[in-house]
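S.K.: Chains as they are written, first to last, in my numbering: chain A, 1 to 356; chain B, 357 to 712; chain C, 713 to 1068; chain D, 1069 to 1424. Here a beta-carbon is modelled for each residue, glycine too, at the ideal position from N, C-alpha and C.
Number of protein chains: 4
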Amino acid sequence: MAGNTFGRIFKLTSFGESHGRGVGGILEGVKPGLELDMDFIQQELDRRRPGQSKITTPRDEKDRVEFLSGVMDGKATGTPLAFAIWNKDQKSNDYDNLKDLYRPSHADYTYDAKYGIRDHRGGGRSSARETIARVVAGAIAKLMLKETGVDITAFVSQVGELRMEEVPEDLSAIESTPVRCPDTKMAERMIDYIDKIRQEKDSVGGVVSCVIRNAPAGLGDPVFEKLHAVLGQAMLSINAVKGFEYGLGFKASSMKGSQHNDEFYTEAGKVKTRTNRSGGVQGGISNGEEILFRVAFKPVATILKDQNTVDKSGNEVVMKARGRHDPCVVPRAVPIVEAMAAMVIVDAWLMNKTYQ
Amino acid sequence: MAGNTFGRIFKLTSFGESHGRGVGGILEGVKPGLELDMDFIQQELDRRRPGQSKITTPRDEKDRVEFLSGVMDGKATGTPLAFAIWNKDQKSNDYDNLKDLYRPSHADYTYDAKYGIRDHRGGGRSSARETIARVVAGAIAKLMLKETGVDITAFVSQVGELRMEEVPEDLSAIESTPVRCPDTKMAERMIDYIDKIRQEKDSVGGVVSCVIRNAPAGLGDPVFEKLHAVLGQAMLSINAVKGFEYGLGFKASSMKGSQHNDEFYTEAGKVKTRTNRSGGVQGGISNGEEILFRVAFKPVATILKDQNTVDKSGNEVVMKARGRHDPCVVPRAVPIVEAMAAMVIVDAWLMNKTYQ
Amino acid sequence: MAGNTFGRIFKLTSFGESHGRGVGGILEGVKPGLELDMDFIQQELDRRRPGQSKITTPRDEKDRVEFLSGVMDGKATGTPLAFAIWNKDQKSNDYDNLKDLYRPSHADYTYDAKYGIRDHRGGGRSSARETIARVVAGAIAKLMLKETGVDITAFVSQVGELRMEEVPEDLSAIESTPVRCPDTKMAERMIDYIDKIRQEKDSVGGVVSCVIRNAPAGLGDPVFEKLHAVLGQAMLSINAVKGFEYGLGFKASSMKGSQHNDEFYTEAGKVKTRTNRSGGVQGGISNGEEILFRVAFKPVATILKDQNTVDKSGNEVVMKARGRHDPCVVPRAVPIVEAMAAMVIVDAWLMNKTYQ
Amino acid sequence: MAGNTFGRIFKLTSFGESHGRGVGGILEGVKPGLELDMDFIQQELDRRRPGQSKITTPRDEKDRVEFLSGVMDGKATGTPLAFAIWNKDQKSNDYDNLKDLYRPSHADYTYDAKYGIRDHRGGGRSSARETIARVVAGAIAKLMLKETGVDITAFVSQVGELRMEEVPEDLSAIESTPVRCPDTKMAERMIDYIDKIRQEKDSVGGVVSCVIRNAPAGLGDPVFEKLHAVLGQAMLSINAVKGFEYGLGFKASSMKGSQHNDEFYTEAGKVKTRTNRSGGVQGGISNGEEILFRVAFKPVATILKDQNTVDKSGNEVVMKARGRHDPCVVPRAVPIVEAMAAMVIVDAWLMNKTYQ
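(1) Among the residues of its own chain, which have a CB less than 6 angstroms from the CB of B:Pro460, if the five just before and after it don't count?
(2) Give me the chain B residues within the contact set of D:Gln1350, using Cβ-Cβ distance strictly less than 8 angstroms, ordered along the chain.
(3) Give a yes or no on whether the C-beta atoms belonging to C:Ala1013 and C:Val920 are separated by under 7 angstroms.
(4) With DSSP as the reference, please indicate the residues paired to B:Gly625 in a beta bridge.
(5) Contact between the segment 283-297 of chain A and the segment 544-553 of chain B is defined here as three or more beta-carbon pairs at a separation below 8 angstroms; is this criterion met?
(6) Kindly identify the DSSP beta-bridge partner or partners of B:Cys566.
(7) Does the distance between the C-beta of B:Leu437 and the nearest non-hydrogen atom of the ligand SAH fall short of 6 angstroms?
(8) Helix, strand or coil, according to DSSP, for B:Leu437 in the structure here?
(9) Going by DSSP, what residue range makes up the beta strand (DSSP E) through A:Ser14?
(10) With B:Gly599 as the anchor, note down where its alpha helix (DSSP H) starts and where it stops.
(11) Can you tell me whether D:Val1198 is buried or exposed, with buried defined as 16 or more other CB within 10 angstroms of its CB?
(12) What residue does the alpha helix (DSSP H) around A:Met144 start on, and which one ends it?
(13) Does B:Arg403 come out as helix, strand or coil in the three-state DSSP assignment?
(14) Report buried or exposed for A:Gln356, applying the criterion of at least 16 other Cβ atoms within 10 angstroms of its Cβ.
(15) Go through the segment 1223-1269 of chain D residue by residue and report every complete run of the alpha helix (DSSP H) that reaches 4 residues or more, in order.
(16) Compare the C-beta of B:Ala510 with all C-beta atoms of chain C and state if any pair is closer than 7 angstroms.
(17) Mind checking if A:Thr177 is an interface residue toward chain C, Cβ cutoff 7 angstroms exclusive?
(18) When you compare each of D:Val1139, D:Ile1306, D:Asn1344 and D:Glu1293 to D:Met1408 by their alpha carbons, which one comes out closest?
(19) So D:Gly1092 is in the beta strand (DSSP E); what residue range does that whole segment cover?
(20) Can you give the beta carbon distance from B:Ile701 to B:Leu575, rounded, assuming they're within the 8 angstroms contact cut?
(21) Whole angstroms is fine: what's the gap from A:His19's alpha carbon to C:Trp798's?
(22) Kindly say whether B:Asn617, judged by its beta-carbon, lies nearer than 7 angstroms to any beta-carbon of chain A.
(23) Identify, in the order they occur along the chain, each residue of the same chain with its Cβ nearer than 8 angstroms to the Cβ of B:Gly426, setting aside the five sequence neighbours on each side.
(24) When you check each C-beta in the segment 378-391 of chain B against every C-beta of chain D, which residues fall closer than 7 angstroms?
(25) Specify, as a first and last residue, the run of the beta strand (DSSP E) that B:Thr665 falls within.
(26) Got a sec: which bits of the segment 565-591 of chain B sit with their beta carbon under 7 angstroms from any beta carbon on chain D, in order along the chain?
(27) Would you list the one or two residues that DSSP bridges to D:Lys1143?
(28) Between which residues of its own chain and D:Gly1217 is the CB-CB distance below 7 angstroms, once the five residues before and five after are set aside?
(29) Taking B:Phe600 as the query, report the chain A residues whose CB atoms sit under 7 angstroms from its CB, ordered along the chain.
(30) Just the chain B side, please: which residues come within less than 7 angstroms of C:Ile829 by C-beta, in chain order?
(31) For a quick check, are the C-beta atoms of C:Arg986 and C:Gly959 less than 7 angstroms apart?
(32) Under the three-state reduction of DSSP, which class applies to D:Ser1173: helix, strand or coil?
(33) Check this for me: beta carbons of D:Phe1365 and D:Ala1308, under 7 angstroms apart or not?
(34) Using a Cβ-Cβ cut-off of 7 angstroms, state whether B:Leu454 counts as contacting chain C.
(35) What residues are listed by DSSP as bridge partners for A:Val281?
(36) For chain A, check one thing: does any of its Cβ atoms lie closer than 7 angstroms to the Cβ of C:Thr1066?
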């Protein structure tokens, strides 16, 4: 079916389900000759992996990517780069009880409504396991950006009601805490809160913020593929995302033009803005300032509480709580947000080459 | 350049600038034989038109669409439907003073940075006049939806700090006020506020909410073209949009799963949800409930105040306020939001036909 | 409907019918700042125009292109370049007699079968008038190639049984005869033959050959967008084309490998082939030699003889000969073949920029 | 890089090289619920396999497809169908002698020129092994066509100078000979000829003809995706193809309109043509008659004779003959031609569903 390709030139076509043979993709647009730094790619995958601390699910998926084509002697050859991450933890019959159930706020019912058939094992294609392919493609996008100096950093800026109001200048502490919040005090509070939510057998949502530094002016293709519109689609396509905003976002809606406009000035011959309420994008094209956006995640639908729902035949049933559960997936979403952002930036960059 | 096509099957390729010959597009995917109700299309265009009341700009653009191909005897023939809306009000030398200026928070600088050349007259391609083509395509999308019963209604839910918290059941009053807010008391307050902003020579942002009723379950194409992701891209591609959320959106980020999940039940053999926090979309596919989303608009960058900025050569200058100005474009954005939504729904609908 | 866009980066979306408002298109991928040499574009259009001599139809269409967007001060701005050529000679009621007839070997019946509705006036979208948009886009592609030195030259190599066996080195005489054959003696014979066919009230087919000189090695994108595969699609999409071959084409099928292989050698440090049976493309990628291909055109279906056919209701009827008629369109196809080739080359060139 | 996706709705993105991990693809557009008849898919793969007789290469690749996603309980689920055929016979160092050589009329030089890097092992991506992915996708396309009655049959109509002039009504004998020619006497002659060519250590070209029966009127999308134009691209993208023609093809170029036109008549209320010189396609849309086309293959470039060529550094060298060799690949191309045709027909069919 449609919908499994992202990008125009740097283009990922993804496949895979939670409990089939694996997940993976075919990536086009990788620069021929690019060194595929496998340690870096694995490191990015590890960042997404659950089981890293008490606040995440204890599964240890040990995801390892295998490249199936497009590589020779560790370098991209310019032909399509296919890769797979094989599923290991495939106890399909764990899911037999869910076969005919529509779990609340999951995609069980909608997949059935759309396709008339559904892989119920672990959510099938709707499982967040699908995002592994994005992380691999994003890691390669980051490798392509290496020589450009563009830096893409995402972090958790909100968990439940706990939120950071500003993007700090110093983002170095992000990876030092399992919650991936650069404000270490806030990080402690978030961790405690998530632990409490786990004990409540509940889940909680949050926000991932992302900063892109050193991106040149000129990225983005109006009118339908404005930089922020494509970033928006990219982020909204991630599991559990409910909203996207860039710059001041929804806050801008209550502001006046005189408060929101960014004055231009010049510094060392370069056009800059004194403020960056626009979030680094004006008219859908990057302006050389920091690109800033925020992504809202709902609380994951899987909770360890009984819930009322219906089965495939329409019978109302009580779904018993069981199994594993990740009370807050937002920290694990950080590398996925970065991966999608990296793909968008590389694709816009490559498109710009065709104008020269 | 890239970026001027939207949709996969119901597909608009758009063209045009504020001060060229006109704006328009080529539309593919229109059902052969469809009656092109010209009165309806004109009515949609009129809704977008400025000059309708004291709260909008006094220009009277009298936009009329001319179909250039794909129509015979008032019916679509199945060949590409090209159309144009000719520019009338083209005093290009009005803009000579802006030729070398980069207006704050406009796209002047970024277009120059990207293309190395820029049509400075009235913003060129970055003018909101471009959205006329979207309204025409959206009107035709609505005509295609007519027989399906799907109803798409957008309205202003926030202007500055004035906001409606809930989507009312009764939306019938929307078009009765120039501010397009269904709560008539709130509408009065908004109008007064916009008038005040006009007197301040300032501008103000706002939010457009949209409700899609009677859409079937099954629309949307995971994983990258999830219904809400494509709606998000569509909305974010509209001029001045800074954010998009569906269902509870950013609010969901501070909630628990037990508060956010929508329980399923059955009614007359149909699977329904007791609440609709998901906003009608689960796993990227419509679930048959109302589809709800919100779009954040920044205050327009044009204000009647002097502003500091730079010119093309990097000199810092004061930009003198002059000309016409629309203090709040959000009411005029309502038909544009509906148009983009209609295009997304029709395209998803047509894609589904290929699965049967 | 689908099918009206050609190209990936240098991308034409075309519209228009024989008897609607006009034909035209939207072109993306034009280099910002490119001088749009209007004299050159008009000259290319004139080459396609009928009425240039006794061997073509006497209509004088005086096609003039009007640019609707994407141009300022004669230069491309990088935004979509929309253009139209307005229809002038629109005596629609000339065609009333054809309204319900299915003309033999025209597209009347198939358009009806596909769309359930048909613009019968002059063939509607299936009219060769559609190719005007291709010539405009091709002219702009040629302007983009100017600085590269790539030279694309097509010519008539066969009319009926009269054929040239070899591609001559000297192609300078092509435009000096109305039949566009570089061998002036053969040209005379072709002209006489076409005149004879005209007197017989019949039509005749032919072949257009094309030589692309100075193209670099490296153009073309295996495996599905091999250079010759895309050239093939491009040529086969032109009205009345029945076949495409490159290099030795169908002749290669009866040869042995030892006869067909092109030996490599080096000259001044450049890898070259001693023979060019491959036609300048190996493995779907240009090798730096001359790119050679041939395009087979059937005799046009319109002849001034009575023919048996059926009408829309299935009644068998005799279609009376009447109207104007072009006994051999192959000479007029020469600029169209060049235009499509230029578009393919530019698009492959731009794609290559993304690998660097 | 670009160029690895074929189709719009029924869409194959392919990957893989001769000596990497394997070849495969991701297929979208497969009807959810379709039974994936594995025996049939394997049978199609076996038809492509070398080593079936004395006239083909003795390798026994035993290609088996493994589905990686999109299947549950033997049925397509509507999510992307990824598959791989693992490479077994990977003696990479067999190819060390070719590492720096540019084999005449292979893609070695052009891949190097394009990508600056090349997988020299067995031709890498330019190996005909890539076509395995097409055969799998084509087999699934055939399964989708099963209920429609459309029948796609290709066969060898020419080997070297030995050619069949007409398409016989009875095609039942095709698979009974290793050369896949329905005329059993001609088949014997072809086999003897190919054996002679093998002894000469040479190779020989040929032609594959294809007949599509029971296709409905209405398939194909003018103007750029005319049915025959897409078939042409599909066929030309197959390794070693040099030409494509449909209907009378190049022969039509020497005919008169009065000889070439197909008269319409009605039979049992159905519009038909008395002759089928058009090859079942008029104006780029199928007309309900048999679709007929021919595909020209050059002799394969690998021969067991010494050849002059150059190496990467530009030195002229003699390439010593060695290794395995298939004197005539045309019989093995038969299932590939059918596969590509099936993909084109299914894709056109699915596109038509969106017009209804």
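M.R.: To lay it out plainly:
(1) The residue given as residue 460 of chain B occupies position 104 in the second sequence. Excluding residues within five positions, the ones whose Cβ falls inside 6 angstroms are Gln663 and Thr665.
(2) Position 282 of the fourth sequence, counted from the first residue, corresponds to residue 1350 of chain D. Result: empty, since nearest Cβ-Cβ is about 16 angstroms, beyond 8 angstroms.
(3) Counting from one through the third sequence, the residue named residue 1013 of chain C turns up at place 301. Counting from one through the third sequence, the residue named residue 920 of chain C turns up at place 208. Cβ distance not < 7 angstroms, so C:Ala1013 and C:Val920 don't count as in contact.
(4) To locate residue 625 of chain B, count along the second sequence from 1; it is residue 269. According to DSSP, which records beta bridges pairwise, B:Gly625 is partnered with nothing at all.
(5) no
(6) On the second sequence, residue 566 of chain B is found 210 positions in, with the first residue counted as 1. In DSSP, B:Cys566 forms a bridge with B:Ala510 and B:Phe649.
(7) Annotation note on the ligand SAH: not contained in the displayed structure, which lists no ligands.
(8) Translated into positions along the second sequence, residue 437 of chain B becomes position 81. Here B:Leu437 sits in strand by DSSP.
(9) Working through the first sequence from its first residue, we reach residue 14 of chain A at position 14. Where A:Ser14 is concerned, the enclosing beta strand (DSSP E) stretches over Lys11 to Gly16.
(10) The residue given as residue 599 of chain B occupies position 243 in the second sequence. Segment Val597 to Tyr602 is the beta strand (DSSP E) holding B:Gly599; no alpha helix (DSSP H) there.
(11) If you number the fourth sequence from 1, residue 1198 of chain D lands on position 130. Rather than Val, the amino acid found at residue 1198 of chain D in this sequence is Glu. Buried, by the Cβ-count rule.
(12) Looking up residue 144 of chain A in the first sequence gives position 144. First-last of the alpha helix (DSSP H) with A:Met144: Thr131 to Leu145.
(13) Here residue 403 of chain B is taken as the residue at index 47 of the second sequence, counted from 1. B:Arg403 falls in the helix class under three-state DSSP.
(14) Numbered from 1 along the first sequence, position 356 holds the residue referred to as residue 356 of chain A. Flag for A:Gln356 reads exposed.
(15) 1252-1267
(16) Your numbering for residue 510 of chain B matches position 154 in the second sequence. B:Ala510 does not count as touching chain C.
(17) For the purposes of this step, residue 177 of chain A is identified with residue 177 of the first sequence, where counting begins at 1. Answer no: the Cβ-Cβ gap between A:Thr177 and chain C never drops below 7 angstroms.
(18) Walking along the fourth sequence from the start, residue 1408 of chain D turns up at place 340. Nearest of D:Val1139, D:Ile1306, D:Asn1344 and D:Glu1293 to D:Met1408, Cα basis: D:Ile1306.
(19) Along the fourth sequence, read from residue 1 onward, the residue named residue 1092 of chain D stands at position 24. D:Gly1092 -> beta strand (DSSP E) spans Gly1090 to Glu1096.
(20) Locating residue 701 of chain B in the second sequence gives position 345, counting from the first residue. Locating residue 575 of chain B in the second sequence gives position 219, counting from the first residue. With 8 angstroms as the limit, B:Ile701 and B:Leu575 qualify as a contact, their Cβ atoms being about 7 angstroms apart.
(21) If you number the first sequence from 1, residue 19 of chain A lands on position 19. If you number the third sequence from 1, residue 798 of chain C lands on position 86. For A:His19 and C:Trp798, the distance between alpha carbons rounds to 58 angstroms.
(22) As a position in the second sequence, residue 617 of chain B is number 261, starting the count at 1. Yes, contact with chain A.
(23) Locating residue 426 of chain B in the second sequence gives position 70, where the first residue counts as 1. So the qualifying residues of the chain are Leu383, Val386, Ala432, Thr433, Gly434, Thr435, Pro436, Leu437 and Ala438.
(24) Gly385, Lys387 and Pro388
(25) Here the question's residue 665 of chain B lines up with position 309 in the second sequence. Gln663 to Asp667 is the extent of the beta strand (DSSP E) around B:Thr665.
(26) none
(27) Within the fourth sequence, the letter at position 75 stands for residue 1143 of chain D. DSSP lists D:Glu1103 and D:Met1140 as partners of D:Lys1143.
(28) As a position in the fourth sequence, residue 1217 of chain D is number 149, starting the count at 1. Closer than 7 angstroms at the Cβ level, and outside the excluded window around D:Gly1217, lie Asn1282.
(29) Here residue 600 of chain B is taken as the residue at index 244 of the second sequence, counted from 1. Correct list: Gly232, Gly243 and Phe244.
(30) As a first step, residue 829 of chain C must be located in the third sequence, where it is residue number 117. Near C:Ile829 (Cβ distances below 7 angstroms), the residues of chain B are Pro388, Gly389, Lys431, Thr433 and Gly434.
(31) Here the question's residue 986 of chain C lines up with position 274 in the third sequence. Here the question's residue 959 of chain C lines up with position 247 in the third sequence. Contact flag unset, no.
(32) Counting from one through the fourth sequence, the residue named residue 1173 of chain D turns up at place 105. Three-state DSSP puts D:Ser1173 in coil, outside helix and strand.
(33) In the fourth sequence, residue 1365 of chain D corresponds to position 297, counting from 1. In the fourth sequence, residue 1308 of chain D corresponds to position 240, counting from 1. In this structure, D:Ala1308 lies closer than 7 angstroms to D:Phe1365 by Cβ.
(34) Here residue 454 of chain B is taken as the residue at index 98 of the second sequence, counted from 1. Closer than 7 angstroms: no.
(35) Here residue 281 of chain A corresponds to residue number 281 of the first sequence, with the count starting at 1. In the DSSP output, where bridge partners are listed per residue, A:Val281 has A:Ser286.
(36) By one-based count along the third sequence, residue 1066 of chain C stands at place 354. Cβ-Cβ to chain A under 7 angstroms: yes for C:Thr1066.
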